[in-house]
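Residue numbers (the working numbering): 1 to 364. See below for the structure under consideration.
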């Protein structure tokens, strides 16, 4: 086994999830993540954790959803599993990035609504999501498997404490700010962040961060205070379909018009999931310079320096004032715009990033 797999497992268990002896841990294992699962199980055993593993196969999910009549019920047994867990580790590793592309949109929406309580229970644990390099992901990224594996580990095996210190600069700016404006070609979007808390997403639950790799600072816009237009020029795969050149228009916080150069049906299906799916749940600013190219994987692409991502749907509780629920939805779907050229981010009228460079970096 590649020694980097054991290093990946150690970062996940120690730095990211902060697993301790006696913790009840659910490990969700993707189809192609077997080697990582073995390394993670070894690390969890050393720490004296209590482990249950589940199999997270897109092909299995496709078979179930296509065969079902669409009248889904809340899976109480699955809910009980996550309500009893301290941590959930999601080990992604797909064999087919388009495995669920032919699942009807209405079926996806119905399943998402029926299982929303399960998702909430998972989110209430110290959960962390990561990915093991697979040939399918490498092919989607347009890279050889060896090149892709190097890319993955360059993004994951890094000094997270040092990056956390750097990202604290952006967190401080957002925490002190009231309004964010994003400006570039075909984009002029303004949103209120009044009273919100930014998360320094340094790949650890200790920072309210739940992705490995991470490397972003994110917050939750006020759901009824988003105005303007935004163009997402980074292609992505949503619900198994290729989606490109997305345009969203917001009025009063709600998407009132949208289009896509490709995959518009997939986009429409997401936005029509429920009322909250047409409002923003997240503003994220990528700051991981170890990610140097787009790979059609949201886990990596949204963390890349020189990017901003916005998510329609559910807001994360860590960003919200006590007693506020924020935007609620069965979905949380990220879309990315490239900020490397002819662009700026303003907070309360002051430019904090220009053409991908932050004001505390050389060349601003």
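Glycine is no exception: its CB is placed at the ideal position from the N, C-alpha and C atoms.
Is the distance from the Cβ of residue i to the Cβ of residue j below 8 Å?
{"i": "residue 331", "j": "residue 314", "result": "yes"}
{"i": "residue 369", "j": "residue 239", "result": "The shown model of the chain, from 1 to 364, leaves out residue 369, and the question about it has no answer."}
{"i": "residue 299", "j": "residue 16", "result": "no"}
{"i": "residue 236", "j": "residue 336", "result": "yes"}
{"i": "residue 220", "j": "residue 281", "result": "yes"}
{"i": "residue 348", "j": "residue 179", "result": "yes"}
{"i": "residue 303", "j": "residue 215", "result": "yes"}
{"i": "residue 78", "j": "residue 118", "result": "yes"}
{"i": "residue 271", "j": "residue 278", "result": "yes"}
{"i": "residue 5", "j": "residue 35", "result": "yes"}
{"i": "residue 170", "j": "residue 226", "result": "no"}
{"i": "residue 265", "j": "residue 338", "result": "no"}
{"i": "residue 182", "j": "residue 308", "result": "yes"}
{"i": "residue 37", "j": "residue 27", "result": "yes"}
{"i": "residue 101", "j": "residue 328", "result": "no"}
{"i": "residue 110", "j": "residue 73", "result": "no"}
{"i": "residue 163", "j": "residue 230", "result": "no"}
{"i": "residue 87", "j": "residue 126", "result": "yes"}
Between residue i and residue j, what straight-line distance do the alpha-carbon atoms span, to the nearest angstrom?
{"i": "residue 128", "j": "residue 57", "result": "18 Å"}
{"i": "residue 98", "j": "residue 288", "result": "27 Å"}
{"i": "residue 55", "j": "residue 31", "result": "7 Å"}
{"i": "residue 152", "j": "residue 361", "result": "25 Å"}
{"i": "residue 296", "j": "residue 93", "result": "14 Å"}
{"i": "residue 209", "j": "residue 12", "result": "12 Å"}
{"i": "residue 124", "j": "residue 185", "result": "38 Å"}
{"i": "residue 60", "j": "residue 33", "result": "15 Å"}
{"i": "residue 201", "j": "residue 251", "result": "29 Å"}
{"i": "residue 18", "j": "residue 130", "result": "15 Å"}
{"i": "residue 188", "j": "residue 346", "result": "11 Å"}
{"i": "residue 148", "j": "residue 141", "result": "8 Å"}
{"i": "residue 321", "j": "residue 197", "result": "8 Å"}
{"i": "residue 150", "j": "residue 95", "result": "19 Å"}
{"i": "residue 158", "j": "residue 290", "result": "8 Å"}
{"i": "residue 255", "j": "residue 48", "result": "48 Å"}
{"i": "residue 107", "j": "residue 68", "result": "8 Å"}
{"i": "residue 228", "j": "residue 3", "result": "48 Å"}
{"i": "residue 274", "j": "residue 312", "result": "11 Å"}
{"i": "residue 85", "j": "residue 29", "result": "16 Å"}
{"i": "residue 199", "j": "residue 76", "result": "31 Å"}
{"i": "residue 203", "j": "residue 103", "result": "32 Å"}
List the residues that DSSP assigns as beta-bridge partners of residue i.
{"i": "residue 191", "result": "180, 226"}
{"i": "residue 202", "result": "Residue 202 pairs with nothing; no bridge assigned."}
{"i": "residue 56", "result": "30"}
{"i": "residue 356", "result": "DSSP lists no partner for residue 356."}
{"i": "residue 50", "result": "24"}
{"i": "residue 129", "result": "90, 211"}
{"i": "residue 286", "result": "216"}
{"i": "residue 95", "result": "None; residue 95 has no bridge partner."}
{"i": "residue 345", "result": "182, 353"}
Could you check if residue i is buried or exposed, using at least 16 other CB atoms within 10 Å of its CB as the buried criterion?
{"i": "residue 358", "result": "buried"}
{"i": "residue 377", "result": "There is no way to answer for residue 377, as the model of the chain reaches only from 1 to 364."}
{"i": "residue 133", "result": "buried"}
{"i": "residue 306", "result": "buried"}
{"i": "residue 22", "result": "exposed"}
{"i": "residue 64", "result": "exposed"}
{"i": "residue 292", "result": "exposed"}
{"i": "residue 301", "result": "buried"}
{"i": "residue 44", "result": "buried"}
{"i": "residue 173", "result": "buried"}
{"i": "residue 8", "result": "buried"}
{"i": "residue 66", "result": "exposed"}
{"i": "residue 364", "result": "exposed"}
{"i": "residue 71", "result": "exposed"}
Quick one: does residue i have its CB under 8 Å from some CB of chain C?
{"i": "residue 328", "result": "The chain labelled as chain C is not found in the depicted structure, where only one protein chain is given."}
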